[in-house]
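So the sequence lines, in the order shown, correspond to chains U and P.
The opening residue of the first sequence carries number 82 in this note's numbering; numbering runs sequentially from there.
The opening residue of the second sequence carries number 82 in this note's numbering; numbering runs sequentially from there.
Data block below; observations after.
Protein chains: 2
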Amino acid sequence: MSKRPTIADVARLAGVHKATASRALNPEADARVSAATARRVRTAAQELGFTPNTAARSLRTNRSSTVGVLIPDLTNPLFPPMARGIEEVLTRRGYTALLANTDNDQAKERTRFEALRGRQVDGFIVATAQREHALLAQAHAQGVPVVLLSRGTDLPMFPLVAADDATGMELAVRHLLELGHRSIAHLAGPQTLSTGAIRTRAFQQAVRAAGVAADRAPVLVSEAYSVRAGEQAARELLDRHPGSTAIVAGNDLIALGALHVLRERGLRCPQDVSLVGYNDMQFADEFQPPLTTVHVPHLELGAEAARLLLEQLERSDGQGAGQGLGRAGAGPAAVAVAKTVLLPVRLVVRDSTAAPQAGSEAG
Amino acid sequence: MSKRPTIADVARLAGVHKATASRALNPEADARVSAATARRVRTAAQELGFTPNTAARSLRTNRSSTVGVLIPDLTNPLFPPMARGIEEVLTRRGYTALLANTDNDQAKERTRFEALRGRQVDGFIVATAQREHALLAQAHAQGVPVVLLSRGTDLPMFPLVAADDATGMELAVRHLLELGHRSIAHLAGPQTLSTGAIRTRAFQQAVRAAGVAADRAPVLVSEAYSVRAGEQAARELLDRHPGSTAIVAGNDLIALGALHVLRERGLRCPQDVSLVGYNDMQFADEFQPPLTTVHVPHLELGAEAARLLLEQLERSDGQGAGQGLGRAGAGPAAVAVAKTVLLPVRLVVRDSTAAPQAGSEAG
DNA sequence: GTGAAAGCGCTAACAT
DNA sequence: ATGTTAGCGCTTTCAC
């Protein structure tokens, strides 16, 4: 366990001063060093296997090249691809992600957030946003750099990278309409989340635009994006609206719950009831039946969020306040509004949707 | 973005010296401080919202309370539960995990390993071990604290936390035998991984013990733990051993590949061929058909690995070399051997296994 | 273009 | 039980 070489060792071997070595090794300052010495220093560093002590650097620069990532639960198949997308762009730029699972628990989230701040993270990528979010409001007031991933807040405090859910939901509903369905129910996700609210609204607009009467397009809200909650909501739906020939779920987990309930009631999917999920999570194509769903590019979502955050960090590097903002409206009175990036989605048709059977399940 | 309070601020507010404040705030040293001042200091810290600058602490103590975690791929459903188990015990003790995906790529693994070392991680949890592993051998030589997770090396260099795969495989084979199968094939995982080798050996022992002839218990090696590789191996298996009435796969992903191939050949599972997976990964119960498999407690595996590493870190805290070793054999000539913890598994019977149909598929 | 010197915030000797 | 001092390894003024 021989001690690791420091920059002083490198400087000595290269025959220069510590400061010069530091400059030569740092891309931003190496213009101030002659090409020859720069090369000598880099060779020396290579030879010794020098890697800078990040703690020392961090202490000096007050930056850590580290980013906190708040996600609900790594065990939910949506998030691993996002995490990988984040990791990929972050590491390429010398940053490291610190992942924290919050389990949608506010107290836990706050604890982890504080702990990460204590570790001098330079910013956060937050995939746990509620439409109203005390912690985020506070973070915003304190000028902490944050990028929102997948879920937004009602106030556009922070840049957001999300899927184009309005379009996605429209695709889903249109698919069902084209198959001939006229009684389409929505098993909505939690309305406290932007994804839940946006998809629900888009569902309602799509059915209304097609001239489907409101009572033929009921919305039942699942209290969580989970199989269990999906089952509960699905039971209620089948009890109260037995005439529905199709269901579009707020996400794939809820759809899975619905699948269970259909099975438990002896209803066949898609013959008796068609079902559309949302997200196209891993293994959605292995379900029984393989799920028709809206594909969301989770990895790209994560990658883009990381890019946005880095951009913001770089910008606010020199000066203090910089919050990575775009401008809405024009003129001097314009309010600062954060940029939103919407990534395109597409419908993936598999076996859980089909034309409604004549007579069957008609309300 | 007012500057964060330092320990000097806390000391001033409490009317003591920095060093005293530091002692009062550090559990290990607070015995050397009077209860009264300790309380005063802690109150002051609370009031200011003081959180120590980890970079400074790290620089001074040469420890980071940070652990590197090497996994193949977060997107493989086995690893998120492990990561959560790790996170849970680590954060409880004030540590943070730095996750890195290696994609089973040696170059990538080395790069990430070095990067993490550069960040002064105190140790590693490695779930990417090959039976022969250059990087790990080297890490061992350098005295880097490492705990192996799930996959071991041939040489017991490091403590290992894994599932009791020998028993698990025996359970799987016995289940098939009890159903009446006498032609059981094994779609093995990569033999360069301890899990692949151990499960294969256990398979062979189990069938041999039951008196099944070797040619009635063929072993085909899948070149990766993946659906794709599983499909390839399964095709070869069905081509070369069409008489098999049951398959036990090296893991659930391989089993899934086998399922695809059975379907593509018009063979029904379990009526024509029974199939057993391994791991009981998330959603294995949603496959078509729901998969009979060996349940492995992945979260507990991760948690236990974290515990072992912390133990080792605590121990080697003061002195230098401590490698967290047990002793094998007795007497002065005994070789240092690292502890292995095997967690129990259990067979989960679902719908992919059944008694062989009389006559069908008989070789 | 390079060297000298200071200091980030913390903790571990060493006093007292 | 508490204060004093020094220094972890790095970057960044400031000189020259």
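Glycine residues also receive a C-beta, built at the ideal position from the N, C-alpha and C atoms.
{"Check": "L155/U at chain P interface by Cβ criterion, 8 angstroms", "Outcome": "yes"}
{"Check": "Within-8 angstroms CB hit, F368/P to chain U", "Outcome": "yes"}
{"Check": "Stretch pair the region 142-160 of chain P + the region 141-150 of chain U: three plus CB contacts closer than 8 angstroms", "Outcome": "no"}
{"Check": "Within 8 angstroms, strictly: CB atoms of K280/P and A290/P", "Outcome": "Here residue 280/P turns out to be Arg, not Lys, going by the sequence shown. In this structure, A290/P does not lie closer than 8 angstroms to R280/P by Cβ."}
{"Check": "Reduced DSSP secondary structure (H/G/I, E/B, other) of V122/U", "Outcome": "helix"}
{"Check": "For T243/P, the residue or residues it bridges with in DSSP", "Outcome": "The sequence given here places Ala at residue 243/P; Thr does not occur at that position. Paired residue(s): L423/P."}
{"Check": "Beta-carbon gap between Q438/P and G204/P smaller than 8 angstroms", "Outcome": "no"}
{"Check": "Short-range partners of chain U found in the region 223-257 of chain P, where Cβ spacing is below 9 angstroms", "Outcome": "Q223, G224 and V225"}
{"Check": "Boundaries (first-last residue) of the beta strand (DSSP E) holding V377/P", "Outcome": "Taken as a continuous stretch (DSSP letters only), V377/P belongs to no beta strand (DSSP E), as it is neither H nor E."}
{"Check": "Per DSSP, the bridge partner or partners of I328/U", "Outcome": "A266/U and L356/U"}
{"Check": "Test item: CB-CB of L451/U and V207/U under 8 angstroms", "Outcome": "As shown, chain U starts at 82 and ends at 444. That puts residue 451/U outside it, with no answer to give."}
{"Check": "Where the region 334-348 of chain U meets chain P: residues whose CB sits under 7 angstroms from a CB there", "Outcome": "L337"}
{"Check": "6 angstroms CB neighbourhood of A181/U in its chain, flanking five on each side removed", "Outcome": "L151 and R193"}
{"Check": "Test: Q201/U CB closer than 8 angstroms to a CB of chain P", "Outcome": "yes"}
{"Check": "Three or more C-beta pairs below 8 angstroms linking the region 369-383 of chain P and the region 166-181 of chain P", "Outcome": "yes"}
{"Check": "Neighbouring residues, chain U, relative to A164/P (Cβ below 8 angstroms)", "Outcome": "L155 and L180"}
{"Check": "G199/U, enclosing alpha helix (DSSP H) - first and last residue", "Outcome": "Q187 to G199"}
{"Check": "Residues near V122/U in its chain [Cβ-Cβ closer than 8 angstroms; skip 5 each side]", "Outcome": "V91, A92, A95, V97, T101, A102, A105, L106 and V114"}
{"Check": "Min CB distance P161/U to chain P below 8 angstroms", "Outcome": "yes"}
{"Check": "V342/P versus E109/P - alpha carbon distance", "Outcome": "60 angstroms"}
{"Check": "Secondary structure, alpha helix (DSSP H): runs of 4+ residues fully inside the region 93-118 of chain U", "Outcome": "99-106"}
{"Check": "With 16 other Cβ atoms within 10 Å as the buried cut-off, status of T135/U", "Outcome": "buried"}
{"Check": "Meets three-Cβ-pair contact criterion under 8 angstroms: the region 326-334 of chain P and the region 355-370 of chain P", "Outcome": "yes"}
{"Check": "Reference L155/P, options G149/U, P153/U, P162/U and D246/U, closest by Cα", "Outcome": "P162/U"}
{"Check": "Beta-carbon proximity list for H322/P, same chain, < 7 angstroms, skipping 5 on both sides", "Outcome": "A266 and P299"}
{"Check": "Identity of the residues DSSP links to N182/P by a beta bridge", "Outcome": "I152/P"}
{"Check": "Cβ contact check for the region 229-247 of chain P and the region 255-262 of chain P: 3 or more pairs under 8 angstroms", "Outcome": "no"}
{"Check": "Length-filtered (3 minimum) beta strand (DSSP E) runs lying within the region 252-299 of chain P", "Outcome": "265-269"}
{"Check": "Terminal residues of the alpha helix (DSSP H) in which L217/U lies", "Outcome": "A215 to A222"}
{"Check": "Test: T434/U CB closer than 8 angstroms to a CB of chain P", "Outcome": "no"}
{"Check": "Nearest neighbour of A339/P, chosen from A89/P, L140/P, S433/P and N360/P [CA to CA]", "Outcome": "S433/P"}
{"Check": "Endpoints, the beta strand (DSSP E) within which G233/U is located", "Outcome": "Looking at the DSSP string, G233/U is not in any beta strand (DSSP E), and its letter there is neither H nor E."}
{"Check": "Cut-off 6 angstroms between Cβ atoms - residues of its own chain near G130/P, not counting five sequence neighbours on either side", "Outcome": "none"}
{"Check": "Check whether D246/P and A283/P have beta carbons under 8 angstroms apart", "Outcome": "yes"}
{"Check": "Within-8 angstroms CB hit, F364/U to chain P", "Outcome": "yes"}
{"Check": "beta-carbon P425/P near the ligand FAD non-hydrogen atom, thresh 7 angstroms", "Outcome": "In the structure on display, the ligand FAD does not appear, and there are no ligands present to speak of."}
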